[in-house]
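A.B. asks: Have a look at the structure that comes next, please.
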Amino acid sequence: MLLRTAAQSLNEQIAARFAERIRDRLLAPGSRLPSVRQCAAQHGVSPSTVVAAYDQLLAQGLVEARRNRGFFVRDRAQKVAPAGSQQAQAAIKSEALSDPQRARRLGAPVSAATLMRGMFQPISGKPQPGMGVLPPEWIATDPIAASLRKVSGVANLRDTAVRYGEPIGDAHLRRVLSARLQDMGIDAADDQIITTVGATQALDIISRTLLKAGDTVMVEEPGWAVEFARLTALGMRILPVPRRADGPDLDVIARYCEAHAGTPAAPRLFVSVSVLHNPTGGSLTPASAHRMLQLAQQHGFFIAEDDSYGHLAPPHATRLAQLDGLARTIYVGGFAKILAPNWRVGFLAAPPALLEPLLDTKLLSTLTTPSLLERALAHCIEQGQLRRHVERIRARLDAARSRSAKLALQAGCRFAAEPAGLFGWIDTGVDTDQLALRMLDDGYLLA
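The sequence shown begins at 861 in this note's numbering and counts up by one.
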């Protein structure tokens, strides 16, 4: 049984158990390790936790990756290649380049990056519910086209195309975003806002600024696989926090903080979704929000609040950034989930003391962000096009969610909580691995 309050993270515990069995010859050379999903089910953890554990075993030279087949125990009589050697890197690359759909059918462990690559491969013209985005036919392209035409005049192009934009982001858009945040009850001046290439880059900038390899970060489980993969690639020590209907399990957070207080393993960051959590659909309650901020203040960790789906939230939804005035919270927003997935404009709003190091991280990664797209977004917001689009989407989504929930219940599924936004967390009563593969064969991608 894994210990969630142990000094070792869950992926470290899993890796240590396999390593011990391999060294004790309980797993013979050539033995195949369980698939990622099988191992995750056995230990009650997320697939990303198992991927991190297998990566550790690969780095230790205890296992090898065989393309399209999975991970196998190495023959210790063979020369073990160092983790950074060309041989080890070739094994990693071979695994990463394998077909994720075929690998899943074979039950082979694949890296989180491989699974992500599979998410973005075109499968069919059918709906892809595993992507967490609106159907393409729901996206109104007229407002996007009108805004781009407006800012694409010769005068604007002279400003936006022939020189780099401001590293912090377009000043006009930041003023518009500041006004939007004020309307939501979040007190953020325009000089506290940094624009990014989508919300994903905002989260990446936060992690690279506040953390170094080996630092501890808490994440919600279940959660967005992209975030797990990104943090794992950065070498972070990940502690999963179960997500409940009213928000993250705060008792687990408290135990993590108390167990590691005063040590280098103390959590430094918590990545959380307060409103319309992906994939459960749950939202944070005021009571949970207040206690979470108390824990952050008491134990000295920051919170990255991802509000990617906030456009679809009820008017008075609770957000951490509202309550603490951007003291321990860094607010992250984006527009890809509501306007268009490929309109990669996001932003973060941060405490004043963190702005300079956050901006330095952005400069080192991308220099600046595209001013033309940022000005087009500002126009779309100012002209009311975004507001009208959101109203139409909410009405359409309410009807679709009601139909979907009814059909799911008729099929014998059970919801863990009332579906909300784009999400409903269900128990299908069947093997979800097999269900996902059956659906994939029919052209549907499930999460």
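By construction, the Cβ of each residue, glycine as well, lies at the ideal position given by its N, Cα and C atoms.
I'd like to check one pair, glycine 1170 with valine 1135: are the Cβ atoms closer than 8 angstroms?
C.D. replies: Yes, the pair counts as a contact, with Cβ atoms nearer than the cut-off.
A.B. asks: Cutting at 6 angstroms between CB atoms, please list the residues of its own chain near leucine 870, excluding the five before and the five after it.
C.D. replies: Closer than 6 angstroms at the Cβ level, and outside the excluded window around leucine 870, lie Leu862, Val905, Thr909.
A.B. asks: What residue from Gln1042, Leu1215, His1176, Cys1273 has the CA that sits closest to aspartate 1291's CA?
C.D. replies: Aspartate 1291 has its Cα closest to that of Cys1273, out of Gln1042, Leu1215, His1176, Cys1273.
A.B. asks: Any idea which residues DSSP pairs threonine 1076 with across the strands?
C.D. replies: Per DSSP, Arg1097, Pro1127.
A.B. asks: Between the Cα of alanine 876 and the Cα atoms of Ser891, Gln916, Pro907, which residue gives the shortest distance?
C.D. replies: Residue Gln916 is the option with its Cα nearest to alanine 876.
A.B. asks: To the nearest angstrom, report how far apart threonine 1183 and histidine 1150 are at their CA atoms.
C.D. replies: Checking the sequence shown, residue 1183 turns out to be leucine, not threonine. So the two alpha carbons sit approximately 8 angstroms from each other.
A.B. asks: Using 8 angstroms as the cut-off, can you tell me whether the segment 1091-1101 makes contact with the segment 1228-1242, which would need three or more C-beta pairs spanning the two stretches below that distance?
C.D. replies: Segments in contact, no.
A.B. asks: Leaving out five residues before and five after arginine 1204 in sequence, what residues of the same chain have Cβ atoms less than 7 angstroms from its Cβ?
C.D. replies: The residues are Val1057, Gly1058, Ala1196.
A.B. asks: Please report the residue range of the alpha helix (DSSP H) in which leucine 1208 lies.
C.D. replies: Per DSSP, leucine 1208 belongs to no alpha helix (DSSP H); it is in the beta strand (DSSP E), 1206-1209.
A.B. asks: Give the DSSP-derived three-state secondary structure of arginine 1023 in the structure shown.
C.D. replies: Of the three classes helix, strand and coil, the one that applies to arginine 1023 here is coil, per DSSP.
A.B. asks: Compute the Euclidean distance between the alpha carbons of proline 1201 and isoleucine 1028, then round it to the nearest angstrom.
C.D. replies: C-alpha separation (whole angstroms): 22 angstroms.
A.B. asks: Assuming glutamate 1080 and valine 1133 are in contact, meaning their beta carbons sit under 8 angstroms apart, how far apart are those beta carbons, in whole angstroms?
C.D. replies: That belief holds up - the Cβ atoms of glutamate 1080 and valine 1133 are roughly 7 angstroms apart, short of 8 angstroms.
A.B. asks: Please determine, among Thr1221, Thr1226, Ala1238, Ala1147, the residue with the shortest C-alpha to C-alpha distance to glycine 1194.
C.D. replies: Glycine 1194 has its Cα closest to that of Ala1238, out of Thr1221, Thr1226, Ala1238, Ala1147.
A.B. asks: Is threonine 1145 closer than 8 angstroms to threonine 1178 when the C-beta atoms are compared?
C.D. replies: Yes, they are a contact pair.
A.B. asks: Going by the beta-carbon positions, is the gap between alanine 1236 and leucine 1008 smaller than 8 angstroms?
C.D. replies: Result yes, Cβ atoms of alanine 1236 and leucine 1008 sit closer than 8 angstroms.
A.B. asks: To the nearest angstrom, report how far apart proline 1217 and valine 1192 are at their CA atoms.
C.D. replies: In a straight line, the C-alpha of proline 1217 is about 16 angstroms away from that of valine 1192.
A.B. asks: Looking at the unbroken beta strand (DSSP E) that takes in aspartate 1166, where does it start and where does it end?
C.D. replies: 1162-1166 is the extent of the beta strand (DSSP E) around aspartate 1166.
A.B. asks: Output the distance between the C-alpha atoms of leucine 1199 and leucine 1246, rounded to the nearest integer angstrom.
C.D. replies: About 8 angstroms.
A.B. asks: Along the chain, where does the beta strand (DSSP E) that runs through threonine 1055 open and close?
C.D. replies: Here the beta strand (DSSP E) through threonine 1055 covers 1053-1056.
A.B. asks: Threshold first: 3 residues or longer. Then list the beta strand (DSSP E) segments lying entirely within the segment 1181-1232, N to C.
C.D. replies: Within the segment 1181-1232, the complete beta strand (DSSP E) runs of at least 3 residues are 1189-1194, 1206-1209.
A.B. asks: Taking the alpha-carbon positions, what's the proline 889 to phenylalanine 932 distance?
C.D. replies: Whole-angstrom Cα-Cα distance: 8 angstroms.
A.B. asks: Can you have a look at glutamine 946 and say buried or exposed, based on whether 16 or more other CB atoms are within 10 angstroms of its CB?
C.D. replies: Unreliable positioning characterises glutamine 946 in this predicted model, as indicated by a pLDDT of 47, which lies under 50. The coordinate reading is nonetheless provided below. With fewer than 16 Cβ atoms within 10 Å of its Cβ, glutamine 946 is classed as exposed.
A.B. asks: Using the beta-carbon count (16 or more within 10 Å), is proline 995 buried or exposed?
C.D. replies: Burial call: exposed.
A.B. asks: Quick one: what does DSSP say arginine 1104 is sitting in, helix, strand or coil?
C.D. replies: Strand at arginine 1104.
A.B. asks: Could you pull the start and end residues of the beta strand (DSSP E) that valine 905 belongs to?
C.D. replies: From DSSP, valine 905 is part of no beta strand (DSSP E); its letter is neither H nor E.
A.B. asks: Evaluate aspartate 1064 with the Cβ neighbour count: other Cβ atoms within 10 Å of its Cβ, from every protein chain shown; 16 or more gives buried, anything less gives exposed.
C.D. replies: Buried, because 16 or more other Cβ atoms sit within 10 Å of the Cβ of aspartate 1064.
A.B. asks: Does proline 1108 pass the burial test, meaning 16 or more other C-beta atoms within 10 Å, or should it be called exposed?
C.D. replies: So proline 1108 counts as buried.
A.B. asks: With a threshold of 16 other CB atoms inside 10 Å of the CB of proline 1371, please say whether the residue is buried or exposed.
C.D. replies: An answer regarding residue 1371 cannot be provided, because it is not within the stretch 861 to 1307 covered by the chain.
A.B. asks: Given that a residue counts as buried once 16 or more other Cβ atoms are within 10 Å of its Cβ, and exposed if not, what is lysine 1222?
C.D. replies: Looking at its Cβ environment, which holds 16 or more other Cβ atoms inside 10 Å, lysine 1222 is buried.
A.B. asks: Using only CA atoms, which one of Glu1026, Ala1277, Leu1155 lies nearest to threonine 1326?
C.D. replies: Any answer about residue 1326 is impossible in this case: the structure gives the chain only from 861 up to 1307.
A.B. asks: Just list the residues that DSSP pairs alanine 1280 with in beta bridges.
C.D. replies: Its beta-bridge partners are Phe1283.
A.B. asks: Where does alanine 1048 fall in DSSP's three states?
C.D. replies: Residue state, collapsed to three classes: coil.
A.B. asks: On the criterion of 16 or more Cβ atoms from any shown chain inside 10 Å, does glutamine 1052 qualify as buried, or is it exposed?
C.D. replies: Classification of glutamine 1052: buried, given that the 10 Å Cβ count is 16 or more.
A.B. asks: Closer than 6 angstroms by C-beta to histidine 1159: which residues in its own chain qualify, once you throw out the five before and the five after it? Chain order, please.
C.D. replies: Answer for histidine 1159: Cys1117, listed in chain order.
A.B. asks: Going by CA-CA distance only, name the one from Thr1060, His1032, Val1250 that's closest to aspartate 1050.
C.D. replies: Minimum Cα distance to aspartate 1050 is reached at His1032.
A.B. asks: What are the start and end residues of the beta strand (DSSP E) that includes valine 933?
C.D. replies: Looking at the DSSP string, the run of the beta strand (DSSP E) that includes valine 933 is 930-933.
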